[in-house]
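Keeping their order, the protein sequence lines are chains A and B. Residue numbers for the first sequence follow our numbering, beginning at 1 and rising by one. Residue numbers for the second sequence follow our numbering, beginning at 1001 and rising by one. Before any comments, here is the structure.
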Amino acid sequence: MTKLIASNITKSYDNKEIVKDVSLKVDEGEIVCLLGISGVGKTTLFNIISGLLIPDQGKVLLDNRDITGQAGHISYMLQKDLLLPYKTVLDNVSLPLIIRGENKNIAREKAAGYFKIFGIDGNQHKYPNQLSGGMRQRAALLRTYLFSQKVALLDEPFSALDAITKSTMHNWYLNVMEKIKLSTLFITHDIDESITLSNRIYVMTGKPGQITGEIKIEHQKSRGEEFILSNEFIDYKKRVLDILNNS
Amino acid sequence: MIKRLQNITTKISSYIAIAGIIIIWQLISIMEIIPRYMLPSPVDVIRAFILDFPLLMHHSKTTLLEAFFGLSIGILLGFIVAVVMDRFHFAYKAIYPVLIITQTVPTVAIAPLLVLWLGYGMAPKITLIVIVTFFPITIGLLDGFMSAEHDAIKLLKSMNASEGQIFKHIKLPSSISHFFASLRISVSYSVVGAVISEWLGGFDGLGVYMTRVKKSYSFDKMFAVILLISFISLLLMKGVAVLQKISMPWAGKEKNL
């Protein structure tokens, strides 16, 4: 079933088109990647889908309902983890529930129930500056999940991490996703990451940014190291590079 | 360990410096380099302090009460003005220059006017303290609100948070360290402001006491009251530092992995 549809999105700033006629969709439980170099308009597109910006043309549909320009339906994780330094991890994570108007204690209780699944149990009462980069990212993802269980937008969620932490986080991410089945659209400029994590890749190129290619990734049972070193993986990578180079 | 030792030595060195000054001062008095009636010795000052202690406490009570009310109203007013200025851009444009002008008016010049308008009671003193304390609070809070991370506000907006929620969860907590920096200044301003306004008329207060002992040329008592005012200011600033530590439990906690 299709969860999210963005159809024919166009947006200009100062008479300069940033994204042009972009259409994409995310099915239920699917992890979709938006791949493109910096400055291609990926973040602008996310701001539109999340409802922070109104597109010049086009529509955003969630569960077939028009939510163009309405914030609060789709959760959005910005590039930085943005954990608030003055709130404990638990309070940070329960913030979206409190914003929605839930009682503070109930929100905390609900949030606390997910700490195990997200692998950050025991950090509830710490402050963000006491956590490592990977742990902060996990907490930020949990906050994103509690914000909306429908669709999540992740803007380069792992780009700030070092290579080793990144691959640990990839495994962790796939593990968590299997449990929570969150429909996700994420941005990256890392080709390996896009092939490792997603079910489908949209390649966005050009000025103004347009979607110039779509690749479906058929995963074997494991998406672990074997997959990264397999010939299939290389083939996918070649296809992505072809699209990037040809446009 | 070494760092700790360094900490102790830097702390001790400041005490040694103060002790040195007092000793030199005492020697100057003993050797009568400056006549005793002009510059009383530290021992004289302490004696005067002890002898006049009940009277000093009585006057301190008034001064502290004025400082307390003035500062409280100053904080409240500063907070309201800062919120309004942050919320409405035209208010910012309109109020900011006025704020600056209020700070260029010399305190000593308006204090007698306040006494004329408001009488010899606490009212003119409190008013003066409000005028001197609310400015740092307003500017501090305003800077704090504006220092709030833009992306954090964007995140809350994506959650469909209201302006009030953004203020409560992002802007207000972002301003807390700025607020305490301003409060440290305002607290000492409030005591000094109280004393200055008491000079110009009144029945109780350390400033009133000061003018009385000055008129009777009791310089030892004069120094005793100066000492007391410094001590009160230091104590209040320390109090603010403690309050800050309690209100900001996240500060100073480091990553321990």
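Ideal Cβ placement from N, Cα and C applies to all residues, glycine included. Small disclaimer: the values here were computed from a predicted structure and weren't measured.
What PHE147(A) touches in chain B, judged by beta-carbon distance under 7 Å, is MET1159, going in chain order. Taking the C-beta atoms as reference points, ASP1052(B) is found nearer than 8 Å to ALA1224(B). Nearest in C-alpha terms to VAL93(A), of all of GLY113(A), GLN79(A) and ILE74(A), is GLY113(A).
Between the stretch 1193 to 1210 of chain B and the stretch 1010 to 1023 of chain B, the count of C-beta pairs closer than 8 Å stays below three; the two stretches do not touch. Three or more pairs of CB atoms, one per stretch, sit closer than 8 Å, so the stretch 55 to 69 of chain A contacts the stretch 7 to 27 of chain A.
Interface residue (Cβ-Cβ distance to chain A less than 8 Å): HIS1178(B) is not classified as such. Contact annotation for PRO96(A) against chain B: MET1159 [CB-CB distance below 7 Å, chain order]. In this structure, PHE46(A) sits near LEU153(A), with a CB-CB distance shorter than 8 Å. Of all residues in the stretch 45 to 71 of chain A, only ASN47, SER50, GLY51, LEU52, GLN70 and ALA71 place a beta-carbon less than 9 Å from a beta-carbon of chain B.
When secondary structure is reduced to three states using DSSP, GLY69(A) falls in the coil class, being assigned neither helix nor strand. Among the CB atoms of chain A, none fall inside 8 Å of the CB of ASP1220(B).
Against chain A, the CB of LYS1154(B) has a partner CB under 8 Å away; the residue lies at that interface.
Comparing C-alpha distances from MET77(A) to each of ASP121(A), PHE115(A) and PHE186(A) shows the shortest one belongs to PHE186(A). Judged by their CB atoms, LEU35(A) and VAL240(A) are nearer to each other than the 8 Å cut-off. Listed in chain order, the non-local C-beta contacts of ILE67(A) below 8 Å within the same chain comprise GLY51, VAL60, LEU61, HIS73 and ILE74, local neighbours out to five positions each way being set aside. In this structure, ILE211(A) lies away from TYR236(A), with their beta-carbon atoms at least 8 Å apart.
Nearest Cα to VAL1045(B) within the set SER1218(B), LEU1243(B) and LEU1076(B): SER1218(B).
DSSP places SER23(A) in the strand class (E or B) of the three-state scheme.
Leaving aside the five residues that flank ARG108(A) on each side, the residues in its chain whose CB is nearer than 8 Å to its CB run, in chain order, LEU90, ASP91 and SER94. In the three-state DSSP reduction, GLU1163(B) falls in the helix class (H, G or I). Here the C-alpha atom of VAL1187(B) lies approximately 10 Å from the C-alpha atom of ILE1075(B). About 6 Å separates the CB atoms of GLY1144(B) and SER1174(B); that is less than 8 Å, so the two are in contact. Considering only PHE1179(B), ASN1160(B) and ILE1166(B), the residue with the shortest C-alpha distance to ALA71(A) is ASN1160(B). At a cut-off of 8 Å between beta carbons, PRO85(A) contacts chain B. In this structure GLN149(A) is exposed. Its beta-carbon is surrounded by fewer than 16 other beta-carbon atoms within 10 angstroms. Excluding residues up to 5 positions away in sequence, PRO1124 lie with their Cβ nearer than 6 Å to the Cβ of LEU1118(B) in the same chain. Of the residues THR1063(B), ALA1181(B), TRP1025(B) and VAL1132(B), the one whose Cα lies closest to the Cα of LYS1238(B) is ALA1181(B).
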